[in-house]
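Read through the structure below, which is laid out as structure tokens, and then see the notes.
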Ligand SMILES: Nc1ncnc2c1ncn2[C@@H]1O[C@H](COP(=O)(O)OP(=O)(O)OP(=O)(O)O)[C@@H](O)[C@H]1O
Ligand SMILES: [Mg+2]
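Protein chains in written order, with UniProt numbering: chain S, 1 to 389; chain L, 1 to 234.
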């Protein structure tokens, strides 16, 4: 208690220098909370979007299916067995059939995958009800990225060529029934979504699917030949990307924190050196050297308390404002291959804030302690002489 | 007969200098009784400060024994030495050594903060001490706003506030003019009379010496002369 009182008094007595240190440290503190809040917010939003648009509550895969190898699609399809059919009927699963194809928008050729999905499904956010139009043509849904890269829009017609299950080429004009806007690039890039029935017919794969998406009420488990792919598996890459984003942002804020800590360290070294006479006086007045070490350590670490106060003063309004308006994200961020919206609502969890506070306080205490520890090897008589005032 | 407050027998203090040693105090013996108002004099380098530091448990003897209030300085732990200084020894320094960020009141209070006293008690004692030195009106000033004489009076108040048995004053008047020198020594003499505090000075100052009851002259770390001073009362 005494040490804290003395520390605060000494710190405030040191004036400008203290406030510079405190300002830098508070800035590091706010930036760390900001970054973590942004990443947590992004993570949460991306996870939600990815589940709603793509992976559902897990999937069942044809054993030959490999999402990174388009050539696996030739083999990766099979008829739905009785057990699976009943789950589909009970709306616990929705089948998706996938096949490679080429499209010829405005005479160019692009490689695409055709994905057949039930227009009545409601497990994924894809607006498949648009596929229910009855114009005699095969309707397709594409994402805004696909629309942009192929320069297609709703109402356009485009020639699509594919192979049926015997390897024979066939071609037809497909009608773009709608362009959806999803934050999840992996349901968008290079894909045409068409009614499952149409695709089964086009390929001759009646009643077949490549994978099935599970509803939130269904927990996937191996069913017949179908391999269960749970969220851990499906989101592995997602989590890896998130982790690497966290890693790279850590570099930024550890650098900032390091600068702030260096300033405190420097102040402490200088204090111990310049205030020898004061140290000697404390000892003459009846403190042990260990107690003086404690005063100086507390004094250095008290920077962090002031920094937390100051950081709260401008950080809370700032971070609260961002939580309200969201953080605008650059367009290019979506190309990282992970779901991202135009603006991210940061999430500041209590755990994250507490961890950050502890990080700041503990590191400030450590860098304060090491210079202060020198006091314990000082001779009181030498300190009192105070070679330098 | 009461036990002496300081009992020094055959004290030698050597400092390492380079690869050899320098003998600052050599086979020195001295007995100081409770309530004395005495001074160490002698040329620069004769060992006055060294001796005061050892009596004040800020340093330790190389050889010989030093007992202060019955405790052997050589065998005290850091904690025990700190307690001895905190409760029983007051220091007064040539350069005052006030803590610059504290007010006069807080500087004096500091010595009491280490003891378990209530805020009310501390306040009472601090104001009393400031009254002894005539500085009650400066309680809220910062050291930087005080004159040299006032600063030294604050440091006397700080040394006296805990009513120690022993006060060690190392050249307390060296930075003061004649008028202030007289003033502070008179203040200390008064406290010596009223509270029976033992005072040990180190000084070159004739103005201080004239108030002392006993003068011990040191030379090359040894006692050269030890004489009682008779004051002619008039
Ligand atoms: N830490 C030390 N290391 C080496 N020598 C020292 C040390 N402290 C004191 N001395 C030496 O011991 C001798 C006595 O020093 P001390 O400070 O006690 O003298 P003093 O009588 O107080 O002198 P002054 O009147 O100048 O204050 C001096 O020669 C000094 O150089
Ligand atoms: Mg000296």
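Idealized CB from N, CA, C, for every residue including glycine. Since the structure is predicted, the reported quantities are computational estimates derived from the model, not experimental observations.
Minimum C-alpha distance to residue i - residue among the options
i: residue 140/L; options: 183/L, 31/L, 126/L and 148/L; result: 126/L
i: residue 102/L; options: 143/L, 132/L and 81/L; result: 143/L
i: residue 184/L; options: 219/L, 160/L and 133/L; result: 133/L
i: residue 88/S; options: 132/S, 355/S, 121/S and 229/S; result: 121/S
i: residue 195/S; options: 186/S, 185/S, 206/S and 189/S; result: 206/S
i: residue 90/L; options: 223/L, 228/L, 172/L and 208/L; result: 172/L
i: residue 318/S; options: 45/S, 20/S and 35/S; result: 35/S
i: residue 125/S; options: 106/S, 270/S, 182/S and 212/S; result: 182/S
i: residue 163/L; options: 20/L, 229/L, 34/L and 195/L; result: 195/L
i: residue 136/S; options: 102/S, 104/S and 177/S; result: 177/S
i: residue 130/L; options: 182/L, 78/L, 118/L and 152/L; result: 152/L
i: residue 189/S; options: 145/S, 305/S, 12/S and 253/S; result: 145/S
i: residue 201/L; options: 74/L, 179/L, 60/L and 32/L; result: 32/L
Backbone CA spacing between residue i and residue j [nearest angstrom]
i: residue 4/L; j: residue 377/S; result: 33 Å
i: residue 118/S; j: residue 108/S; result: 29 Å
i: residue 244/S; j: residue 43/S; result: 12 Å
i: residue 36/L; j: residue 2/L; result: 13 Å
i: residue 64/S; j: residue 142/S; result: 26 Å
i: residue 65/L; j: residue 8/L; result: 6 Å
i: residue 250/S; j: residue 359/S; result: 13 Å
i: residue 4/S; j: residue 42/L; result: 43 Å
i: residue 389/S; j: residue 272/S; result: With a pLDDT of only 40 at residue 389/S, under 50, the local geometry of the prediction cannot be trusted, and the value read off the model is given with reservation. Each residue's alpha carbon lies about 11 Å from the other.
i: residue 104/L; j: residue 45/S; result: 60 Å
i: residue 309/S; j: residue 353/S; result: 13 Å
i: residue 341/S; j: residue 361/S; result: 35 Å
i: residue 151/S; j: residue 112/S; result: 14 Å
i: residue 158/L; j: residue 214/L; result: 25 Å
i: residue 116/L; j: residue 122/L; result: 10 Å
i: residue 162/S; j: residue 68/S; result: 20 Å
i: residue 357/S; j: residue 50/L; result: 48 Å
i: residue 228/S; j: residue 200/S; result: 23 Å
i: residue 263/S; j: residue 288/S; result: 27 Å
i: residue 16/S; j: residue 281/S; result: 25 Å
Where residue i falls: helix, strand or coil (DSSP)
i: residue 188/S; result: coil
i: residue 163/S; result: strand
i: residue 184/L; result: helix
i: residue 146/S; result: helix
i: residue 302/S; result: helix
i: residue 390/S; result: This structure leaves residue 390/S out entirely; chain S is present only between 1 and 389.
i: residue 62/S; result: coil
i: residue 234/L; result: Its pLDDT being 48, under 50, residue 234/L is placed unreliably by the model, and nothing is read from it.
i: residue 14/L; result: strand
i: residue 13/S; result: helix
i: residue 104/S; result: strand
i: residue 27/L; result: strand
i: residue 316/S; result: helix
i: residue 213/S; result: strand
i: residue 133/L; result: coil
i: residue 75/S; result: coil
i: residue 391/S; result: Here chain S covers residues 1 to 389 and nothing more, so residue 391/S does not appear.
Within-8 Å CB hit, residue i to chain L
i: residue 295/S; result: no
i: residue 39/S; result: no
i: residue 267/S; result: no
i: residue 259/S; result: no
i: residue 18/S; result: no
i: residue 10/S; result: yes
i: residue 284/S; result: yes
i: residue 13/S; result: yes
i: residue 388/S; result: In this predicted model, residue 388/S has a pLDDT of only 44, less than 50, meaning its place in the structure is not dependable; the value taken from the coordinates is given anyway. Residue 388/S does not count as touching chain L.
i: residue 277/S; result: yes
i: residue 289/S; result: yes
i: residue 2/S; result: yes
i: residue 281/S; result: yes
Minimum Cβ-Cβ distance from residue i to chain S less than 8 Å
i: residue 5/L; result: no
i: residue 199/L; result: no
i: residue 78/L; result: yes
i: residue 234/L; result: Because the pLDDT at residue 234/L is just 48, under 50, the model does not fix this residue reliably, and the point stays unresolved.
i: residue 91/L; result: yes
i: residue 85/L; result: yes
i: residue 157/L; result: no
i: residue 82/L; result: yes
With 8 Å as the limit, tell me which residues of the stretch 358-381 of chain S have their beta carbon closer than that to any beta carbon of chain L; keep them in chain order.
379, 380 and 381
Can you pull out the residues from the stretch 51-64 of chain L whose beta carbon lies closer than 8 Å to at least one beta carbon of chain S?
53, 56, 58 and 59
The stretch 96-115 of chain L: positions lying closer than 9 Å to chain S by Cβ:
97, 98, 99, 100, 101, 102, 106, 110, 111, 113, 114 and 115
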